[in-house]
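Numbering (the working numbering), first residue to last: 17 to 199.
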């Protein structure tokens with residue numbers, strides 16, 4: 017069964033990576049999604065945290081829960097997994113077109129972990145904004161596969177970790193009233 021999953025992972029990777037190197041505009045778009053959209057989402061998060069909540073305490077609560085979710089997911093789980101399990105990146109293991117270069121472990125994707133944790137935390141505070149952050153997380157993730165620096169399963173692993181940690185921290189903070197605000 018694992019071999020079948022690996023085969024699907026590789027097939028999806030080649031399907032997406034086949035878009036790289038086809039045109040200047042397509043490569044520019046892939047690189048933008050894979051490496052630059054993250055800055056826009058960071059700014060959008062700061063705007064969201066500032067606008068969401070009627071009081072300063074509520075804004076701090078939203079900001080705090082979201083930032084803690086991202087930090088725990090990325091540094092508490094993803095980086096630990098990468099310490100014990102090194103999956104080479106596609107650009108290291110395959111003869112492919114790659115638009116970006118990275119040499120650290122591929123699984124799970126740190127970008128997927130961070131941006132899906134961010135999207136889930138925001139979604140749990142405000143569904144309308146959260147949907148847009150999920151769109152951003154998906155675009156970043158697809159860009160990183162298409163650019164040749166992640167396999168689809170790297171993205172899936174990071175997305176699951178990010179969303180699970182964000183949901184856990186959101187519900188823990190709400191139930192335990194860890195911060196000053198009670199929604």
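Every residue gets a Cβ at the ideal spot worked out from N, C-alpha and C, and that includes glycine.
Query	Result
Please state the DSSP three-state secondary structure of residue 37.	coil
For residue 163, name the three-state secondary structure that DSSP assigns.	coil
Just to confirm, are residue 128 and residue 173 a CB contact at a threshold of 9 Å?	yes
Please give me, in chain order, every unbroken run of the beta strand (DSSP E) with length at least 3 that falls completely inside the stretch 65-93.	none
Count the other C-beta atoms from every protein chain shown that fall within 10 angstroms of the C-beta of residue 143, then say buried if there are 16 or more, exposed otherwise.	exposed
Looking only at C-alpha atoms, which of 164, 134, 162 sits nearest to residue 180?	134
For residue 79, collect the residues of the same chain with a Cβ closer than 7 Å to its Cβ; drop the 5 residues on either side in sequence, then sort them by chain order.	65
Is residue 101 helix, strand or coil when you go by DSSP?	coil
Could you round the C-beta distance between residue 157 and residue 171 to whole angstroms and report it? I think they count as a contact, below 8 Å.	4 Å
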